[in-house]
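Heads up, the thing below is written out as structure tokens.
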DNA sequence: GTGAAAGCGCTAACAT
DNA sequence: ATGTTAGCGCTTTCAC
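Protein chains in written order, with the working numbering: chain A, 119 to 467; chain B, 119 to 467.
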């Protein structure tokens, strides 16, 4: 590892000069040709700044922590992290991920990150929920991903659930469906609520009556399949909007058992929570991919913006949430989800 | 942030004494009661060692880098990472994850990690493959996860693919199946090769002839479903061993279209690559979960063992791979995969 | 324009 | 048994 000292010796200047030049902090004060010689030497000797030493001095690590409770093993966690990672690497930051089954493990991780002096945190719930932010994070720069602060103190990035429901339903209507069912999720979540509202609004906007017998919220268990089969047999819907891929599978099974072909006899639009559709059902399915990657990406951007605007000064962070620069169209707080056409929802019409 | 200096002042000793006491490096040399006063003060003042400063001094960060090319967005990545994370946190280490679509992005990440002075690397391919280890990692402590070094220079942790095939097939035989098909993967991979061999060996060991018409290796596309349907119609197998969940879905669809019920009319054992089975097919399926978590866990353990045995001295690492302590039964290089019974493969026999 | 010097917080060899 | 000292590699003020 080459150090500034070695460069200084080689060129015959002092370390301070080297530091100034290499950091572009000399406002033309260092003579151009000597500055050039410093740069050349650095290049030649393969100089790499020692991040540790720099951080110790500047009190800025350019590292941010990604905290997620319980479910970082969930399939989509990776995409959020990837998005955050990409954004951060563009900005010259690094990401350290911490997750654990219980709060205690996570708390430990947060502690460790603090000892390393991370500049800020991303906090993620892995499915759009209202969460309690751990006390230990509150005095740090913090942005929530796919989650909302119960006390609404921190900026957050989440998917536009309403539009998911609205767009999916509209797509089915445009495909000619006249009895559209919604196979939802029985647990109360922002995602379920938002999507269901979007579904109803889309129906209303197209002059269709909402019929509660067409909405079927299920848990992920044995009863679910029966519920969907009963719904089908009783109501004979011609289109299904599915909360996620697990729910979509019930529709597929129901259809297959009745000799129906999805994409011809019945239309399905599903939210691809697990990126499974792409591998299995996809040929016959129109999917909506959750913008996990984008959420991670924008959250990281927002966090860094905050850090660089306000510094990492612990004490003043909690109050600064408000003056955060409002995100524009290119970096929304509610991220839009795109509908992906694998093949027509109603193949041969 | 309390520093050692502050503690020293408070207690009226020098920083070195504080350092010695707090690091337990005084072999009883510091007088017990003064040592106690130091510890009390540290406690009271909420002292947290500054990891940056320590690392700068000791040249050890207690951070390891997790490198994965392309597919860290893959669903199982999270489980490997979680395993590594848990092991590392037990050992007082932190994990920084780097992944990117292309080699260039990854290279950049590796660079950044080196600047922070990570102690070593884990390198993962996200599906058991033979890989070329990036040159930039070769002079560091390194362990491969779910991958094998093409030149066989580094320790690696991978699933026991042969046993997966063997156990799955045996399970089907024990359930009474007599014509067992293997729905495999057309790309050449360690996983495909190993599982197929296990399948054949299990057949042989139970006195059953391997019939190549019962092995059907497919890509994940439209033709796959047709291939499985043709296999079924021509050979009428009564049991299926499926390479992964995507392949299993073709079997489910085939069965559903023929009015057959999995678990009664036909038996299926599948490898749960994507943790989808658990959510969708599971009630009727016997699955084999890949030990992603365990692989991450053991790989991290092995890496730390190597680091602590041999230090992070760049120059000498490449040669030290051989003398690594052989892993014992509790930390195998080939990790055993367990068969998980959701319900009998052949429910009512 | 450039260099000397101080110091970030910690460790460890060397004095006392 | 404890303190002194000298850094680790870098940034930054202040003198020259």
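Every residue, glycine too, gets a C-beta built ideally from N, C-alpha and C.
Model, not experiment: these values are computed from the prediction.
8 Å Cβ shell around residue 352 of chain A - same chain, five flanking residues per side excluded: 331
Could you check what DSSP says for residue 427 of chain B in three-state terms: helix, strand or coil? helix
List, in order along the chain, the chain A residues whose C-beta lies closer than 8 Å to that of residue 170 of chain B? 170, 173, 174, 179, 234 and 235
Partners in chain A for residue 227 of chain B, counting only beta-carbon separations shorter than 7 Å: 207
Take residue 223 of chain B and list the residues in its own chain whose beta-carbon comes closer than 6 Å to its own, dropping the five residues that flank it on each side. none
Closest Cβ-Cβ distance between residue 309 of chain A and chain B: below 8 Å? no
Can we say the region 313–325 of chain A touches the region 261–280 of chain A, given the rule of at least three CB pairs closer than 8 Å? yes
Could you tell me if residue 310 of chain A is buried or exposed, where buried requires 16 or more neighbouring beta carbons within 10 angstroms of its beta carbon? buried
Compute the Euclidean distance between the alpha carbons of residue 129 of chain A and residue 162 of chain A, then round it to the nearest angstrom. 12 Å
Just list the alpha helix (DSSP H) runs in the region 327–363 of chain B, keeping only unbroken ones of 4 residues or longer that don't cross its boundaries, in chain order. 340–353
Stretch pair the region 269–276 of chain B + the region 287–300 of chain B: three plus CB contacts closer than 8 Å: no
Using CA coordinates, which residue listed in B/355, B/326 and B/360 is at the minimum distance from residue 338 of chain B? B/360
From residue 416 of chain B to residue 289 of chain B, what does the alpha carbon distance come to, in whole angstroms? 27 Å
Contact under 8 Å by Cβ, residue 366 of chain A with residue 206 of chain A: no
At a Cβ threshold of 8 Å, is residue 273 of chain B touching chain A? no
Among B/262, B/226 and B/153, the one whose alpha carbon lies nearest that of residue 421 of chain B: B/262
Quick one: what's residue 206 of chain B bridged to in DSSP? Beta-bridge pairing links residue 206 of chain B to no other residue.
How would you label residue 150 of chain A, buried or exposed, when you count the other beta carbons within 10 angstroms and need 16 or more for buried? exposed
Report all residues from its chain with a CB closer than 8 Å to the CB of residue 255 of chain A; omit the five preceding and five following residues, and keep chain order. 185, 228, 239 and 241
Per-residue DSSP class, three states only, for residue 400 of chain A: Its pLDDT being 49, under 50, residue 400 of chain A is placed unreliably by the model, and the measurement read from it follows with that caveat. Looking at residue 400 of chain A - three-state DSSP - the assignment turns out to be helix.
Any C-beta of chain A sitting closer than 8 Å to the C-beta of residue 124 of chain B? no
Less than 7 Å separating the Cβ of residue 273 of chain B from some heavy atom of the ligand FAD? You won't find the ligand FAD in this model; it holds no ligand whatsoever.
Suppose the cutoff is 7 Å on Cβ atoms and the five residues either side in sequence are ignored; what does the same chain contact list for residue 342 of chain B look like? 336 and 368
Thinking C-beta only, is residue 411 of chain A closer than 8 Å to residue 143 of chain A? no
With a threshold of 8 Å between beta carbons, is residue 160 of chain B in contact with chain A? no
Determine whether the beta carbon atoms of residue 221 of chain A and residue 187 of chain A lie at a separation below 8 Å. yes
With a threshold of 8 Å between beta-carbons, can residue 121 of chain A be considered close to chain B, or not? no
Thinking residue 301 of chain B and residue 258 of chain B are a contact (beta carbons under 8 Å), I'd like their distance in whole angstroms, please. Going by Cβ atoms, the distance from residue 301 of chain B to residue 258 of chain B rounds to 40 Å, so no, they are not a contact pair.
Jot down the residue ranges of each uninterrupted beta strand (DSSP E) in the region 246–288 of chain A, minimum 3 residues, whole runs only, in chain order. 260–267 and 274–277
With a threshold of 8 Å between beta-carbons, can residue 252 of chain A be considered close to chain B, or not? no
CA-to-CA distance, residue 380 of chain A to residue 346 of chain A, given in whole angstroms: 15 Å
By how many angstroms is the C-alpha of residue 355 of chain A removed from the C-alpha of residue 344 of chain A? 16 Å
Thinking residue 200 of chain A and residue 217 of chain B are a contact (beta carbons under 8 Å), I'd like their distance in whole angstroms, please. 7 Å
Secondary structure of residue 176 of chain A, DSSP reduced to three states: helix
CB-CB under 7 Å to residue 60 of chain B, same chain, minus the five flanking residues each way: which ones, in chain order? With chain B covering only 119 through 467, there is no way to say anything about residue 60 of chain B.
Beta-carbon proximity of residue 236 of chain B to residue 182 of chain B, cut-off 8 Å: yes
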